[in-house]
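S.K.:
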Amino acid sequence: MLSENLARIRKEKGLTQEALAVKLNVVRQTVSKWEKGIAVPDADTLCAIADALDVSAAQLLGQPEKTEKTDMASIVEVLAQMNEQLAVRNRRTANIWKFLFLASLVVIGILIGKGSAMEEEKTVLPEVIQVSGVNLTHDTQTLSCSFVPAIENAEYEYSLTMHPRGMEDGSVTVNAECQNGVCKAVFDEKRLFSVYEYDMVLQMKYREQIRNTTIAEAVSFRDNMISWRPME
Numbered sequence: 010m011l012s013e014n015l016a017r018i019r020k021e022k023g024l025t026q027e028a029l030a031v032k033l034n035v036v037r038q039t040v041s042k043w044e045k046g047i048a049v050p051d052a053d054t055l056c057a058i059a060d061a062l063d064v065s066a067a068q069l070l071g072q073p074e075k076t077e078k079t080d081m082a083s084i085v086e087v088l089a090q091m092n093e094q095l096a097v098r099n100r101r102t103a104n105i106w107k108f109l110f111l112a113s114l115v116v117i118g119i120l121i122g123k124g125s126a127m128e129e130e131k132t133v134l135p136e137v138i139q140v141s142g143v144n145l146t147h148d149t150q151t152l153s154c155s156f157v158p159a160i161e162n163a164e165y166e167y168s169l170t171m172h173p174r175g176m177e178d179g180s181v182t183v184n185a186e187c188q189n190g191v192c193k194a195v196f197d198e199k200r201l202f203s204v205y206e207y208d209m210v211l212q213m214k215y216r217e218q219i220r221n222t223t224i225a226e227a228v229s230f231r232d233n234m235i236s237w238r239p240m241e
């Protein structure tokens with residue numbers, strides 16, 4: 010092959026790629042591409058290379074020398090074939106890289122999908138909400154409730170609702186803030202009525218999943234006193 014013959018003959022002549030490039034008035038990278046087979050010189054350049062190396066064009070092309078001087082038409086024909094082979098190889102390489110790129114996108118998509126599915130599976134809310142340490146305090150302005158969820162997850166959202174017993178309207182809902190494993194919700198007393206008894210319902214939410222459970226019954230408060238019946 011031209012690439013192999015060029016590299017071999019150049020070394021036999023004791024020339025570096027840089028030295029040959031100077032003789033041909035090209036950059037060293039051009040010589041490197043010829044020797045790697047990723048570029049093919051034209052007919053005139055091939056003849057110049059042959060002259061610089063003091064060999065025939067036929068020797069560079071790896072063809073038998075039938076005449077003293079290889080016919081230019083023959084050189085052009087051989088180089089045209091080499092260029093066509095190089096173009097085919099480049100197209101094949103480009104198609105392979107394109108296929109690998111598309112395949113990698115598919116694989117990445119599958120892995121992301123599996124990762125999302127696994128995450129969904131790992132973060133399914135429990136059927137029954139379990140809490141401990143439920144405590145209610147009351148002053149003249151607020152009613153506070155603190156509790157400790159059995160499962161800690163920063164993505165879970167908690168809220169508490171006070172439902173007046175025996176009434177359809179008058180419910181009050183506030184969000185609970187969680188820190189260091191303890192959640193707390195604070196109700197404004199102005200929105201509650203001391204003449205009512207309330208049931209306190211805890212809601213736990215994760216994305217589209219929702220669970221509800223009553224954590225205190227018969228909550229009542231007057232003056233600075235509060236009473237309730239905890240759930241067993």
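The sequence shown begins at 10 in the working numbering and counts up one residue at a time.
Just so it is clear, CB atoms sit at the ideal spot from N, CA and C, and this is done for glycine as well.
(1) Please classify E77 as buried or exposed, where buried requires at least 16 other C-beta atoms within 10 Å of its C-beta.
(2) In angstroms with no decimal places, state the Cα-to-Cα distance between A194 and A185.
(3) How long is the line joining the alpha carbons of R220 and V137, rounded to whole angstroms?
(4) Flag this pair as yes or no: are the beta carbons of L69 and A57 separated by less than 8 Å?
(5) Answer with buried or exposed for F108, where buried requires no fewer than 16 other C-beta atoms within 10 angstroms of its C-beta.
(6) Which residues mark the beginning and the end of the beta strand (DSSP E) in which N144 is found?
(7) Go ahead and pull the three-state DSSP assignment for R98.
(8) Along the alpha helix (DSSP H) that carries I58, what are the first and last residues, could you check?
(9) Could you check how far apart the C-beta atoms of N92 and V49 are, in whole angstroms? I think they sit under 8 Å.
(10) Looking only at its own chain, which residues have a Cβ that is under 6 Å from the Cβ of Q139, when we skip the five neighbours before and after it?
(11) Could you check if W106 is buried or exposed, using at least 16 other CB atoms within 10 Å of its CB as the buried criterion?
(12) If distances are taken between C-alpha atoms only, which option among K214, R98, Y205, F196 comes closest to R231?
M.R.: By the coordinates alone:
(1) Confidence at E77 is low in this model, with a pLDDT of 45, below 50, so its placement is unreliable and the value that follows should be read with caution. Answer is exposed; the Cβ neighbour count stays below 16.
(2) 4 Å
(3) Approximately 7 Å, taken between the alpha carbons.
(4) no
(5) exposed
(6) 140–147
(7) helix
(8) 52–62
(9) 5 Å
(10) A159
(11) It is exposed - the Cβ of W106 has fewer than 16 other Cβ atoms within 10 Å.
(12) Y205
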